[in-house]
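For reference, the structure is listed below as structure tokens.
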Amino acid sequence: MVSLPKEVPEGEKIFSIIARNGTKFTVELAKANGTDQLDVQKSNMLLKSIIIEGNRNMISWRKSFFDFEHRETKRSGSEEINILPGFSSTVQIFDDKSYIVVDKSFRVLRTSTYLQTLSGKSQDVIKKEFQPCVLYNKITKRLEKIDEISFEMTPLSTFKRKDGSEISIKQYYTDKYTKIVTDDGQPILIQKKIEKDSEGKEVVKQPAYFVPEFMCPTGMTDAMRADNRLNQDMASIFHADPREKMRSLKEIATNMSNIVDMKNWRIDISTEPAKFSSFKLPQPSLIFKDNKIEPDEKRDWNRLLKNVSYINMKPLTKWTAFMTESSRDDFNKFEGQLSNYYRRIRVDYARPVIKIITGTQIEGLEDSTTGDDLVFAVTQPDSVYETIKKFCVNKHIPTQCI
Numbered sequence: 024m025v026s027l028p029k030e031v032p033e034g035e036k037i038f039s040i041i042a043r044n045g046t047k048f049t050v051e052l053a054k055a056n057g058t059d060q061l062d063v064q065k066s067n068m069l070l071k072s073i074i075i076e077g078n079r080n081m082i083s084w085r086k087s088f089f090d091f092e093h094r095e096t097k098r099s100g101s102e103e104i105n106i107l108p109g110f111s112s113t114v115q116i117f118d119d120k121s122y123i124v125v126d127k128s129f130r131v132l133r134t135s136t137y138l139q140t141l142s143g144k145s146q147d148v149i150k151k152e153f154q155p156c157v158l159y160n161k162i163t164k165r166l167e168k169i170d171e172i173s174f175e176m177t178p179l180s181t182f183k184r185k186d187g188s189e190i191s192i193k194q195y196y197t198d199k200y201t202k203i204v205t206d207d208g209q210p211i212l213i214q215k216k217i218e219k220d221s222e223g224k225e226v227v228k229q230p231a232y233f234v235p236e237f238m239c240p241t242g243m244t245d246a247m248r249a250d251n252r253l254n255q256d257m258a259s260i261f262h263a264d265p266r267e268k269m270r271s272l273k274e275i276a277t278n279m280s281n282i283v284d285m286k287n288w289r290i291d292i293s294t295e296p297a298k299f300s301s302f303k304l305p306q307p308s309l310i311f312k313d314n315k316i317e318p319d320e321k322r323d324w325n326r327l328l329k330n331v332s333y334i335n336m337k338p339l340t341k342w343t344a345f346m347t348e349s350s351r352d353d354f355n356k357f358e359g360q361l362s363n364y365y366r367r368i369r370v371d372y373a374r375p376v377i378k379i380i381t382g383t384q385i386e387g388l389e390d391s392t393t394g395d396d397l398v399f400a401v402t403q404p405d406s407v408y409e410t411i412k413k414f415c416v417n418k419h420i421p422t423q424c425i
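The numbers in this note's numbering rise by one with no breaks, and the one at position 103 of the sequence shown is 126.
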């Protein structure tokens with residue numbers, strides 16, 4: 024996708040552009056009908072770039088945008104967190120018309136640095152606990168996906184620049200950001216770079232390197248999740264009244280429509296939500312193996328689903344669970360509840376084979392899952408789950424991720 028510094032004259036369909044590296048390209052304009060998936064993909068890319076350029080306080084992550092300027096700060100114990108209000112936005116097609124689908128979202132940033140979270144821990148413990156994560160870069164004000172942590176590298180380690188010269192990570196931060204790295208012995212965080220060539224093949228590029236003292240964790244710690252007062256404060260922020268949520272969404276649409284580049288691209292966004300005709304379906308019947316229940320609107324389905332026999336319920340006697348060591352205790356609690364449930368509904372059940380994952384390495388995937396009824400992935404990052412999912416789809420094995 025290419026954006027130009029000036030508007031292309033009406034009727035001009037073929038023109039040339041020169042990339043930053045000096046390569047000259049000839050571009051032929053083709054009118055988009057706005058209804059196929061390629062148009063939708065390009066529209067989402069354009070929308071994201073316009074929103075980010077239109078508000079430098081916005082932090083983007085995939086199709087979501089978070090406003091750092093209007094953050095709320097909360098405290099839990101000795102730690103502070105910033106709660107960033109935001110929204111997700113995507114272009115979708117309904118009945119051959121383009122719509123922007125918007126929803127409220129939030130992001131939690133911790134004020135401590137990633138280096139502070141490593142303090143007092145041994146390398147073995149850090150390596151054991153590490154799993155790919157999303158961190159906030161305080162310098163660039165961007166969210167970055169981190170794939171690995173390396174103790175073989177430090178800020179004094181060097182890497183090759185595009186011109187072939189070598190520079191230390193510490194010096195790079197000084198030259199580019201005028202930031203001084205204070206701890207020369209800290210490990211380095213690595214973000215893998217994999218791109219596709221013209222033939223669609225994956226090509227591994229030089230990774231990006233990040234210094235822990237300039238990165239902040241996102242999300243909440245276990246101690247924060249157990250903090251009732253913090254949870255109450257966050258619930259009041261996250262769970263807004265429907266009328267307040269609608270007012271907020273209209274405000275988002277208004278702000279988007281007022282971005283200068285929206286007008287330059289001649290994109291008009293209605294500040295009123297679209298309305299669609301819909302039908303209210305009748306209350307369904309619950310059909311079980313030996314009885315049928317007609318619940319009314321006020322009945323609690325959870326109570327109705329207890330102590331009943333299901334139709335053709337499949338036994339779960341051969342399955343594998345992939346997890347990190349830090350997730351084992353939580354999974355054991357879940358597995359105990361699952362075992363009790365199967366016993367209560369009188370269906371055969373057996374404990375799974377547990378496979379511990381370190382970092383992004385998955386070993387023995389084929390050997391351990393042959394003939395499985397289910398493969399379970401516990402709190403795995405997208406890249407790991409995608410690997411598991413792709414393998415299981417080819418082997419026709421159902422997967423579930425929590």
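For every residue, glycine included, the Cβ atom is placed at its ideal position computed from N, Cα and C.
Being a predicted model, the structure only gives us computed values, none of them experimental.
- Minimum Cα-Cα distance from N335 among the listed residues V370, M346, K303 corresponds to V370.
- Taking each of L212, P32, D256, S112 in turn and checking the Cα distance to E175, the smallest one comes out for L212.
- Secondary structure note for Y200: its alpha helix (DSSP H) is the uninterrupted segment 192–200.
- Residue environment for P240: buried (at least 16 other C-beta atoms within 10 angstroms of its C-beta).
- Less than 8 Å divides the Cβ of D207 from the Cβ of P178.
- Comparing alpha carbon positions, the residue from N105, L361, I275 closest to I74 is I275.
- Exposed is the label assigned to V226, since fewer than 16 other Cβ atoms lie within 10 Å of its Cβ.
- Between F110 and S87, the C-beta spacing is below 8 Å.
- Rounded to whole angstroms, the gap between the alpha carbons of L361 and L52 is 57 Å.
- Taking a cut-off of 8 Å on C-beta distances, the stretch 262–279 touches the stretch 291–301, as three or more cross pairs fall below it.
- Taking 8 Å as the cut-off, the Cβ atoms of F182 and I192 count as close.
- About 7 Å separates the CB atoms of F399 and T343; that is less than 8 Å, so the two are in contact.
- Look at G77 here: in three-state DSSP terms it is helix.
- When the Cα atoms are used, Q115 and S271 turn out to be separated by approximately 21 Å.
- Going by DSSP, Q255 is part of the alpha helix (DSSP H) stretching over 251–261.
- Annotation: the continuous beta strand (DSSP E) that includes W342 extends over 342–346.
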